[in-house]
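Enquirer:
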Amino acid sequence: MKIVFPYRVASVLVIGSASTLASAQDDAPLHEDERIDEIIITAPFAESQAETLLPINVISGEELREKVTNTLGDTLKNEIGVNSASFGSGVGQPIIRGQTGNRVSVLQNGIALTDASNVSPDHGNGVEPLLADRLEIVRGPSALLYGSGAIGGVVNVIDNRIPETLPGQTDFQLEQNYNSVNNENKTVFRLDSSIGNVGIHLDYFSRDNDNVEIDGFAIDEIGVERLEELTAAFIGDDHDDDH
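Residue numbering for the sequence shown follows my numbering, beginning at 2 and increasing consecutively.
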């Protein structure tokens, strides 16, 4: 007993001293020379996990200015999985992964368009890509957020018609184009500005063109006239037989 007791006391004293020393070190303020400077780590070519998983393509800026054409489908037809359903030079509805019409939802600033293109493939979309700031293409499971009418995908045209923020300066755009193939004249005008706390957006678009001219005859006018005569004669004979 005389041997064990002194060692136990010594152990208690050593532990108590160590705890007191550690507590004193924790409470002591850090000196300036012991602070760690801020470290900034950048990765310019990194892509977040969310961006990797979401099949969304965004076209804007100079890329959009280089690709934009008269129709939405022709503007996007070189993107992966996208084509243009053309029933003429002025139609060009977008096809996403083989789906078009009411299976592809076309939005303007996030709001679904309601026009003749929803019910007839020979009508163009009622939105002008030449006035767009950004085009967004949504494919795959991400399109489920937009309902059953977007089973093929979504094309969202952002044109800032309703300004989200007040412009810091006045932006003015005027574009005039001419196409000799079909005598097409195209005028685009846009103005973004602000007065006090009021945002201002003005845009104007005009396109006028004739039929596309090609070498030779695409349609034999004489043959068309003869066909119309035969059709009228057949209908007339059939009408006489009924009476």
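Cβ atoms here follow ideal geometry from the backbone N, Cα and C, with glycine treated the same way.
From a predicted model like this one, the values you see are computed outputs, not experimental measurements.
Report buried or exposed for valine 128, applying the criterion of at least 16 other Cβ atoms within 10 angstroms of its Cβ.
Expert: Start at 1 with the first residue of the sequence shown, and residue 128 comes out as number 127. Classification of valine 128: buried, given that the 10 Å Cβ count is 16 or more.
Enquirer: Could you tell me whether the region 116-134 touches the region 85-97, using the rule of 3 or more Cβ pairs below 8 Å?
Expert: yes
Enquirer: Please return the same chain residues whose Cβ sits closer than 6 Å to the Cβ of alanine 117, not counting the five positions on each side in sequence.
Expert: Numbered from 1 along the sequence shown, position 116 holds the residue referred to as residue 117. If we look at alanine 117 and ignore the five residues flanking it on each side, its Cβ neighbours are His124.
Enquirer: Compute the Euclidean distance between the alpha carbons of serine 195 and glutamate 165, then round it to the nearest angstrom.
Expert: Here residue 195 refers to the residue found at position 194 of the sequence shown. Here residue 165 refers to the residue found at position 164 of the sequence shown. Cα to Cα, the separation comes out at about 12 Å.
Enquirer: Quick one: residues in its chain with C-beta nearer than 6 Å to the C-beta of aspartate 172, no 5 flanking neighbours on either side, listed in chain order?
Expert: Position 171 of the sequence shown, counting from 1, holds the residue named residue 172. Closer than 6 Å at the Cβ level, and outside the excluded window around aspartate 172, lie Asp193.
Enquirer: Using three-state DSSP, classify arginine 98 as helix, strand or coil.
Expert: Taking the first residue of the sequence shown as 1, we reach residue 98 at position 97. Three-state DSSP puts arginine 98 in coil, outside helix and strand.
Enquirer: Counting only runs that start and end within the region 159-238, where is the beta strand (DSSP E) found for 3 or more residues in a row?
Expert: 172-180, 185-196, 199-209
Enquirer: Between the region 138-145 and the region 176-183, do at least 3 Cβ pairs fall closer than 8 Å?
Expert: Judged by Cβ distances under 8 Å, the region 138-145 makes no contact with the region 176-183, as fewer than three pairs qualify.
Enquirer: Rounded to the nearest angstrom, what separates isoleucine 37 and glycine 169 at their Cα positions?
Expert: As a first step, residue 37 must be located in the sequence shown, where it is residue number 36. As a first step, residue 169 must be located in the sequence shown, where it is residue number 168. Spanning the two alpha carbons is a distance of roughly 39 Å.
Enquirer: Write down the C-beta distance between alanine 133 and valine 158 rounded to the nearest angstrom, noting that I regard them as a contact closer than 8 Å.
Expert: Counting from one through the sequence shown, the residue named residue 133 turns up at place 132. Counting from one through the sequence shown, the residue named residue 158 turns up at place 157. Contact flag correct, Cβ pair sits at about 5 Å.
Enquirer: Give me, in chain order, the residues of the same chain whose beta-carbon lies closer than 6 Å to that of threonine 76; leave out the 5 immediate sequence neighbours on both sides.
Expert: Numbered from its first residue, the sequence shown carries residue 76 at position 75. Closer than 6 Å at Cβ, skipping near neighbours: Lys68, Val69, Thr70, Pro130.
Enquirer: In terms of residues, what are the limits of the alpha helix (DSSP H) holding leucine 65?
Expert: Here residue 65 refers to the residue found at position 64 when the sequence shown is read from its first residue. Unbroken alpha helix (DSSP H) run through leucine 65: 62-68.
Enquirer: One question on the structure: do threonine 72 and glycine 93 come within less than 7 Å of each other, judged by their Cβ atoms?
Expert: Residue mapping note: residue 72 aligns to position 71 of the sequence shown, counting from 1. Residue mapping note: residue 93 aligns to position 92 of the sequence shown, counting from 1. Cβ distance < 7 Å, so threonine 72 and glycine 93 count as in contact.
Enquirer: Which residues does DSSP pair with valine 83 in a beta bridge?
Expert: For this step, residue 83 is matched to residue 82 along the sequence shown. Valine 83 pairs with Ile97.
Enquirer: Taking only three categories from DSSP, how would you classify asparagine 103?
Expert: Residue 103 sits at position 102 when you count from the first residue of the sequence shown. Helix.
Enquirer: Going by C-alpha to C-alpha distance, which of Thr188, Ile97, Gly111, Leu136 sits closest to isoleucine 163?
Expert: For the purposes of this step, residue 163 is taken as residue 162 along the sequence shown, with counting starting at 1. It is Gly111 whose Cα lies nearest to the Cα of isoleucine 163.
Enquirer: For a test of the three-state rule: what should DSSP assign to alanine 133, helix, strand or coil?
Expert: By one-based count along the sequence shown, residue 133 stands at place 132. In the structure shown, alanine 133 sits in coil (DSSP, three-state: anything other than H, G, I, E or B).
Enquirer: Return yes when at least one heavy atom of the ligand FAD lies under 6 Å from the C-beta of valine 182, else no.
Expert: Absence of the ligand FAD is noted for the structure shown, with no ligands found whatsoever.
Enquirer: Can the beta-carbon of isoleucine 97 be found closer than 7 Å to that of glycine 153?
Expert: Within the sequence shown, the letter at position 96 stands for residue 97. Within the sequence shown, the letter at position 152 stands for residue 153. Yes. Within cutoff.
Enquirer: Kindly indicate which residue of Pro95, Leu167, Glu226, Glu230 has the alpha-carbon position closest to the one of valine 199.
Expert: Start at 1 with the first residue of the sequence shown, and residue 199 comes out as number 198. Checked all of Pro95, Leu167, Glu226, Glu230; the closest Cα to valine 199 is Leu167.
Enquirer: To the nearest angstrom, report how far apart leucine 231 and aspartate 209 are at their CA atoms.
Expert: Locating residue 231 in the sequence shown gives position 230, where the first residue counts as 1. Locating residue 209 in the sequence shown gives position 208, where the first residue counts as 1. Cα to Cα, the separation comes out at about 35 Å.
Enquirer: If you draw a straight line from the alpha carbon of isoleucine 215 to that of valine 156, how long is it in whole angstroms?
Expert: As a first step, residue 215 must be located in the sequence shown, where it is residue number 214. As a first step, residue 156 must be located in the sequence shown, where it is residue number 155. Here the alpha carbons of valine 156 and isoleucine 215 stand approximately 33 Å from one another.
Enquirer: Distance, Cα to Cα, serine 207 vs phenylalanine 235?
Expert: Along the sequence shown, read from residue 1 onward, the residue named residue 207 stands at position 206. Along the sequence shown, read from residue 1 onward, the residue named residue 235 stands at position 234. Whole-angstrom Cα-Cα distance: 43 Å.
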